[in-house]
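Let me begin by presenting the structure, written as structure tokens, before commenting on it.
There are 2 protein chains.
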Amino acid sequence: MSPEPEFRRDPVCGRWAVVAPERSHRPITLEGVEPRHRRNGERRPCPFCPGQEHDTPDEVLAYRASGSAPDGPGWQLRVVPNKFPAVRPDAGGAFCAVEGMVFLTTPGFGRAEVVVECAEHLADPTALNPQQFTDVFRAYRERLVALAGDPQLAYAAVFKNVGAEAGASLGHTHSQIISLPIVPEAIWAELLGSEAFHARTGRCVFCDLAARELADGERVVARSANFLAVTAFAPRYAYEFWVLPLQHSARYEAITDARASELAGLIRRVLVALDRAQAEPAYNWFLHTAPLRSPELAHYHWHIEVLPRTARPAGLEWGYGCFITTVSPERAAAELRGALPPDERPVG
Amino acid sequence: MSPEPEFRRDPVCGRWAVVAPERSHRPITLEGVEPRHRRNGERRPCPFCPGQEHDTPDEVLAYRASGSAPDGPGWQLRVVPNKFPAVRPDAGGAFCAVEGMVFLTTPGFGRAEVVVECAEHLADPTALNPQQFTDVFRAYRERLVALAGDPQLAYAAVFKNVGAEAGASLGHTHSQIISLPIVPEAIWAELLGSEAFHARTGRCVFCDLAARELADGERVVARSANFLAVTAFAPRYAYEFWVLPLQHSARYEAITDARASELAGLIRRVLVALDRAQAEPAYNWFLHTAPLRSPELAHYHWHIEVLPRTARPAGLEWGYGCFITTVSPERAAAELRGALPPDERPVG
Numbered sequence: 049m050s051p052e053p054e055f056r057r058d059p060v061c062g063r064w065a066v067v068a069p070e071r072s073h074r075p076i077t078l079e080g081v082e083p084r085h086r087r088n089g090e091r092r093p094c095p096f097c098p099g100q101e102h103d104t105p106d107e108v109l110a111y112r113a114s115g116s117a118p119d120g121p122g123w124q125l126r127v128v129p130n131k132f133p134a135v136r137p138d139a140g141g142a143f144c145a146v147e148g149m150v151f152l153t154t155p156g157f158g159r160a161e162v163v164v165e166c167a168e169h170l171a172d173p174t175a176l177n178p179q180q181f182t183d184v185f186r187a188y189r190e191r192l193v194a195l196a197g198d199p200q201l202a203y204a205a206v207f208k209n210v211g212a213e214a215g216a217s218l219g220h221t222h223s224q225i226i227s228l229p230i231v232p233e234a235i236w237a238e239l240l241g242s243e244a245f246h247a248r249t250g251r252c253v254f255c256d257l258a259a260r261e262l263a264d265g266e267r268v269v270a271r272s273a274n275f276l277a278v279t280a281f282a283p284r285y286a287y288e289f290w291v292l293p294l295q296h297s298a299r300y301e302a303i304t305d306a307r308a309s310e311l312a313g314l315i316r317r318v319l320v321a322l323d324r325a326q327a328e329p330a331y332n333w334f335l336h337t338a339p340l341r342s343p344e345l346a347h348y349h350w351h352i353e354v355l356p357r358t359a360r361p362a363g364l365e366w367g368y369g370c371f372i373t374t375v376s377p378e379r380a381a382a383e384l385r386g387a388l389p390p391d392e393r394p395v396g
Numbered sequence: 049m050s051p052e053p054e055f056r057r058d059p060v061c062g063r064w065a066v067v068a069p070e071r072s073h074r075p076i077t078l079e080g081v082e083p084r085h086r087r088n089g090e091r092r093p094c095p096f097c098p099g100q101e102h103d104t105p106d107e108v109l110a111y112r113a114s115g116s117a118p119d120g121p122g123w124q125l126r127v128v129p130n131k132f133p134a135v136r137p138d139a140g141g142a143f144c145a146v147e148g149m150v151f152l153t154t155p156g157f158g159r160a161e162v163v164v165e166c167a168e169h170l171a172d173p174t175a176l177n178p179q180q181f182t183d184v185f186r187a188y189r190e191r192l193v194a195l196a197g198d199p200q201l202a203y204a205a206v207f208k209n210v211g212a213e214a215g216a217s218l219g220h221t222h223s224q225i226i227s228l229p230i231v232p233e234a235i236w237a238e239l240l241g242s243e244a245f246h247a248r249t250g251r252c253v254f255c256d257l258a259a260r261e262l263a264d265g266e267r268v269v270a271r272s273a274n275f276l277a278v279t280a281f282a283p284r285y286a287y288e289f290w291v292l293p294l295q296h297s298a299r300y301e302a303i304t305d306a307r308a309s310e311l312a313g314l315i316r317r318v319l320v321a322l323d324r325a326q327a328e329p330a331y332n333w334f335l336h337t338a339p340l341r342s343p344e345l346a347h348y349h350w351h352i353e354v355l356p357r358t359a360r361p362a363g364l365e366w367g368y369g370c371f372i373t374t375v376s377p378e379r380a381a382a383e384l385r386g387a388l389p390p391d392e393r394p395v396g
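Same order as they appear, the protein sequences are chains R and C. Heads up, the first sequence is in our numbering, so the first residue is 49 and it goes up one at a time. Heads up, the second sequence is in our numbering, so the first residue is 49 and it goes up one at a time.
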């Protein structure tokens with residue numbers, strides 16, 4: 049039995065999983081698959097709305113009116129520890145216990161935080177105004193910088209679940225930041241793959257990808273002065289798209305306020321297009337950046353991946369890691385381009 | 049645009065995906081998430097029922113009454129090419145074309161086959177009688193042996209989708225065999241992981257795992273003379289379980305008829321327990337075996353993984369490959385043990 053949350057490493061392929069029996073007590077107010085958001089009708093007061101600050105642990109970051117007190121109203125964005133965390137700062141147990149070289153475990157140590165993205169009870173991230181949307185991407189940066197100060201943490205996963213089918217459990221728009229004592233599998237795979245590419249070619253694979261996509265144009269959805277949005281070349285789900293900076297940068301922490309605003313504007317436009325093209329699908333977005341406290345790396349390049357739930361993965365996907373999509377990334381990009389709202393940002 | 053199905057390699061992490069625009073034309077008679085099976089009410093004749101053999105391509109294997117003609121009634125099990133394949137034996141295009149070392153593609157070559165597991169229109173694999181269930185595992189072996197004869201194929205993925213949420217699209221119980229010109233990512237990960245373990249210890253990690261699980265017992269769900277069913281130590285989904293032979297064997301092709309019958313009996317019992325413990329969840333099972341034409345390997349060990357859809361993976365899972373479960377594998381094993389039907393097989 050595992051009363052404490054615990055990381056466990058798959059004995060064969062090395063994938064880390066979290067066994068967190070306590071987490072089953074969290075409230076889930078979004079049920080079923082449709083509609084994507086239950087915009088009203090939640091049965092209890094939303095714990096993320098102003099006036100309910102007592103319902104969450106104390107805030108670790110807030111953008112709030114000057115003079116307003118912490119953990120009370122007056123905020124525009126709040127970051128709070130998750131009340132029902134999958135990992136905990138106080139998790140006990142033996143550090144990296146190995147049983148016969150087969151069963152490796154380590155305590156379910158970590159921090160789970162929620163970024164409440166606005167004070168209004170909005171379900172849909174595209175309902176955020178440009179300033180609110182920008183604040184989300186500034187808050188990501190600030191938390192990454194702060195979390196890097198804890199030497200026990202190796203990686204901070206920054207992601208967002210939109211819609212019940214993508215794992216969202218509460219209808220007030222929010223992101224999550226889960227910081228881990230390990231570097232998770234998908235990031236390792238990217239670090240190793242990009243390092244091998246760099247060793248062969250002397251170049252960053254993401255920089256090459258961006259240059260080729262811009263030259264070719266077939267998978268380009270939108271661009272701004274410093275960012276590019278393209279559909280994924282080898283997608284897991286149809287309409288999967290990636291947003292990456294055109295200038296090489298391994299660490300998201302280095303983003304400026306101006307660039308965060310530009311990034312937010314670009315992502316927001318493509319999400320509006322996705323909602324139009326695919327009738328508001330559920331989706332996740334996640335930030336892939338270098339591990340905490342990493343120096344700038346020549347081979348790695350931060351980016352954001354957006355994964356809409358446009359199909360149901362089956363045995364080939366789950367059993368073998370081989371994804372089938374029935375809409376080509378080129379067609380998806382054309383559809384998304386056709387559905388883009390006008391760019392309201394000043395040029396330059 | 050991709051009129052032809054195509055394999056594409058992710059430029060960063062190397063994962064292969066299939067872009068198969070044609071496949072969107074396949075019929076889907078199972079819709080929505082609940083109920084797991086639409087046992088009646090399909091709007092067109094089931095293409096897998098006797099009398100509808102003209103609705104599928106010609107059979108490549110059948111267990112049928114002696115004297116009955118191919119592609120007519122009289123069969124107990126039929127293997128036919130998929131009418132709506134994700135990969136095709138005649139896929140054209142340039143072999144392994146690389147654009148600037150970034151975008152690697154190869155034609156969507158391969159074979160997609162369907163194992164129609166019984167003549168009756170049964171939706172649920174546990175409704176198969178013991179002989180029918182055994183035939184499925186014999187047919188897997190026979191097709192693996194036959195497919196190994198095609199030197200263009202590297203791997204045959206053998207899997208089953210049960211329930212719409214696990215990707216099933218037709219309600220007559222069937223498995224799929226998709227043969228690929230590449231070894232898929234999840235198998236590579238297991239081959240590499242088990243090879244590294246063997247290099248360190250001189251032992252097979254699966255043999256070690258089986259010995260430790262048997263000694264400990266906490267995750268053992270059931271066993272027979274030659275096979276073991278255990279819940280996964282680091283699961284992706286709660287109640288995930290693996291079935292593996294107790295004697296080392298890398299190649300499923302080597303299984304005897306008697307062992308196939310024993311394996312089928314064990315898996316069937318645990319599936320009945322899963323249906324009881326979790327109210328008939330959707331699930332996939334998949335066979336992990338060595339690549340086609342592989343010699344016997346000291347480090348690899350074939351096994352079957354059963355992955356029930358007991359949660360909705362969200363951003364941490366999809367974005368970082370880190371799975372959270374809220375039911376410990378030890379508790380899941382105890383529940384499954386408690387729900388096992390009696391073993392009807394003769395002892396010995």
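Beta carbons: idealized from backbone N, C-alpha and C, even for Gly.
Coarse secondary structure for residue i, derived from DSSP in three states
| i | result |
| --- | --- |
| F289/R | strand |
| N88/C | Unreliable placement is indicated for N88/C, whose pLDDT of 44 sits below 50; the coordinate value is still reported in the next sentence. N88/C falls in the coil class under three-state DSSP. |
| P178/R | helix |
| A372/C | Reading off the sequence, residue 372/C comes out as Ile, not Ala. Strand at I372/C. |
| W350/R | coil |
| H169/R | coil |
| F185/R | helix |
| A204/C | strand |
| R136/C | strand |
| G80/R | For G80/R, the pLDDT reaches just 37, beneath the cut-off of 50, and the residue's location in the model is therefore unreliable, leaving the point undetermined. |
| A247/C | helix |
| F55/C | strand |
| H296/C | coil |
| A68/R | coil |
| V320/C | helix |
Beta-carbon gap between residue i and residue j smaller than 8 Å
| i | j | result |
| --- | --- | --- |
| P173/C | E161/C | no |
| A110/R | V66/R | no |
| L294/R | Y188/R | no |
| A194/R | I230/R | no |
| A387/C | R324/C | yes |
| E288/R | P361/R | no |
| Y300/R | L192/R | yes |
| L292/R | F245/R | no |
| E238/R | G156/R | no |
| V163/C | S223/C | yes |
| A270/R | T182/R | no |
| V210/R | Y331/R | yes |
| V127/C | G241/R | no |
| V402/C | P129/C | The structure shown does not extend to residue 402/C, since chain C is modelled only from 49 through 396, so no value can be given for it. |
| V374/R | A68/C | A quick correction: the sequence has Thr, not Val, at residue 374/R. Yes. |
Residues bridged to residue i [DSSP beta-bridge criterion]
| i | result |
| --- | --- |
| Y111/R | L125/R |
| E161/C | P129/C and I225/C |
| P95/R | For P95/R, which the question treats as bridged, DSSP gives no partner whatsoever. |
| P356/C | Y331/C |
| A457/R | Because chain R here runs from 49 to 396, residue 457/R falls outside it and cannot be looked at. |
| L311/C | Answer by DSSP bridge pairing: none, since L311/C is not bridged. |
| A145/C | T153/C |
| H336/R | H351/R |
Cross-chain neighbours of residue i in chain B, by beta carbon under 8 Å
| i | result |
| --- | --- |
| T249/C | Absent from the structure: chain B. Protein chains present are R and C. |
Assumed close pair residue i, residue j - CB separation to whole angstroms, cut-off 8 Å
| i | j | result |
| --- | --- | --- |
| A298/R | S227/R | Actually they do not touch by this definition, with Cβ atoms about 18 Å apart. |
| A321/R | L384/R | 5 Å |
| R112/C | Q100/C | With 8 Å as the limit, R112/C and Q100/C do not qualify as a contact, their Cβ atoms being about 15 Å apart. |
| P232/C | G369/R | 6 Å |
| G367/R | E353/C | 7 Å |
| I225/R | A204/R | 6 Å |
| R63/C | A282/R | 7 Å |
| G148/R | R248/C | That pair is no contact at about 12 Å. |
*asked:* For the pair the region 310-317 of chain R and the region 269-278 of chain R, tell me if three or more CB-CB distances fall below 8 Å.
replied: yes
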